[in-house]
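In what follows, a single structure is set out as structure tokens and then discussed.
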Amino acid sequence: MTGGRRTLAVAGVVLAVAAATDVGRHLHGGLPSVAGASSDEQESSVADAPSAAPATTVAPATTSVAPAQAAPARTPRETAGAASELDVHVALPRSLPARVVEVPILMYHRIGATDASMGPVARGLTVAPDDFAAEMAWLHDAGYAAIGQHDLFAALEHGAPLPPQPVLITFDDGYRNVLYHAAPVLHRLGMHATAYVITGRIGRGDPVFLTWQQLAHLEAMGVEIGSHTVSHRDLTLLADSEAVRELRASRRALEADLHHPVQWLAYPIGAQDARVRGLAQQAGYALAVTTLPGLRQDAAAPFALRRLRILDTTGVAGLAALLGRAAPA
Ligand SMILES: [Zn+2]
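Going from the sequence shown to my numbering is simple: count from 1 and add 937.
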């Protein structure tokens, strides 16, 4: 890593650290140029297995989050503009509201070509670029609005209005091919998404995974960054201290690099229970996604958001079916 992390030149926009408050989620300065090669993709070692987590409901947390210890002091701004949202830690209401919103959250992993060396799990989690583009085009044409994490948080916890047919698009594990094959499609269609990255895999020279600089590129293209912990271990099997370290160290690393709060979490392999959900809150997160299926999100369970798993075989027809829509002709 070089000193380039201090000042990031992205798509002609210089994102000086001190000017980070002016950087929103909507930068329209053109696409960062990214080399399109994906031939370096290998078998994943972090493919998520189907969740074994019980489908029980969450005991609502009742305390407010005070996650700001690790972050640089910033002046909260009352403006609702997207440009300021990234810079302010959000806090859960002291008493979580009884509210359910229908916001399907799509769970992708890799967007790329498959090859014979891949095992069945890795292949299943790899959506072909053409299929991904077709799925996004269908969502767009069908009137879905791809919202961001702040939109979901505000809708759940504060009753903020959402656009019609909201959807949240997510990518787990931080694969580099998301930058090559997903971000340009999303950017072109004006769709937001979130990439949950494993901070221990970033910047280690492994071409399968994103680099720190590429995280900034993704953000510039409208893809928010969330945490998928430091090392992708099953948090339910770790002692409290170790689980908190996984959660907190990854969040702090992302915040230090991106210069804004990062309060969005995806549990590795979807594994979570009441203890882990409590630790995630303690570690400063505001929303966390599971691999439990479902279209509706419960404001009383912000650390147990449900997702729809999108596989290589899902396709547009499968996506439409998951969303309860008629398959397109
Ligand atoms: Zn994962």
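Even for Gly, the Cβ is constructed at its ideal location relative to N, Cα and C.
Have a look at residue i and residue j and give me their C-alpha separation to the nearest angstrom.
i	j	result
Arg1113	Leu1245	22 Å
Thr1250	Val1064	8 Å
Ala1263	Ala1254	8 Å
Ala1237	Ser1054	43 Å
Ala1225	Trp1201	6 Å
Val1252	Leu1259	In the sequence as presented, Val is not what sits at residue 1252; that position holds Gly. Rounded to whole angstroms, Gly1252 to Leu1259 spans 11 Å at the Cα level.
Val1213	Tyr1222	12 Å
Leu1216	Gln1209	10 Å
Ala972	Leu1147	Because Ala972 carries a pLDDT of 38, less than 50, the predicted location of this residue cannot be relied on, and the following value inherits that uncertainty. Roughly 13 Å separates the two Cα atoms.
Asp977	Pro1144	Residue placement at Asp977 is flagged as unreliable, the pLDDT there being 36, under the threshold of 50; the coordinate-derived value follows with that caveat. Going by the C-alpha atoms only, they are around 7 Å apart.
Gly1140	Val1134	11 Å
Leu1062	Met1073	17 Å
Ala1070	Gln1151	21 Å
Phe1108	Pro1098	25 Å
His1165	Asp1078	31 Å
Val1199	Glu1192	6 Å
Arg1031	Phe1240	15 Å
Ser1187	Gly1142	18 Å
Ala1082	Arg1138	31 Å
Arg1185	Ala1220	5 Å
Asp1194	Ala1266	45 Å
His1122	His1087	As written in the sequence, residue 1122 is Val, which differs from the His given in the question. Their Cα atoms are separated by approximately 22 Å.
Asp1067	Leu1155	20 Å
Val1025	Leu1172	27 Å
Ser1168	Pro1101	37 Å
Leu1229	Gly1207	8 Å
Gly1056	Met1044	19 Å
Glu1183	Asp1110	14 Å
Arg1189	His1197	10 Å
Arg1011	Ile1084	Annotation note: pLDDT 34 at Arg1011 (below 50); position unreliable, coordinate value reported separately. For Arg1011 and Ile1084, the distance between alpha carbons rounds to 25 Å.
Arg1060	Leu1232	25 Å
Ser1178	Gln1234	29 Å
Ala1119	Val1027	28 Å
Ala1203	Thr1227	6 Å
With residue i as the anchor, note down where its alpha helix (DSSP H) starts and where it stops.
i	result
Pro1057	1057-1061
Gly1252	1252-1259
Ala1190	1177-1195
For a cutoff of 8 Å on Cβ pairs, would you count residue i as touching chain C?
i	result
Ala1236	Protein chain content of the structure displayed is limited to a single chain, and chain C is not contained in it.
Consult DSSP for residue i and reduce its assignment to one of helix, strand or coil.
i	result
Gln1209	coil
Gln1234	strand
Gly1163	strand
Ala1220	coil
Leu1245	strand
Pro1121	helix
Leu1229	coil
Leu1172	helix
Arg1031	coil
Arg1214	helix
How is the beta strand (DSSP E) around residue i delimited, first residue to last?
i	result
Leu1224	1224-1226
Leu1202	1201-1203
Practice problem: Specify whether the segment 1114-1122 and the segment 1040-1057 touch according to this definition: at least 3 beta carbon pairs, one from each stretch, less than 8 Å apart. | Solution: yes
Quiz item: In chain order, which beta strand (DSSP E) runs of at least 3 residues are fully inside the segment 1035-1116?
Solution: 1037-1039, 1042-1045, 1103-1110
Quiz item: What runs of the beta strand (DSSP E), each 3 residues or longer, lie entirely inside the segment 1127-1156?
Solution: 1130-1134
Self-check item: Segment contact, 8 Å Cβ cut-off, at least three pairs: the segment 1154-1165 with the segment 1116-1135
Solution: yes
Quiz prompt | Sufficient close CB pairs (3 or more, under 8 Å) joining the segment 1027-1045 to the segment 1086-1104 | solution = yes
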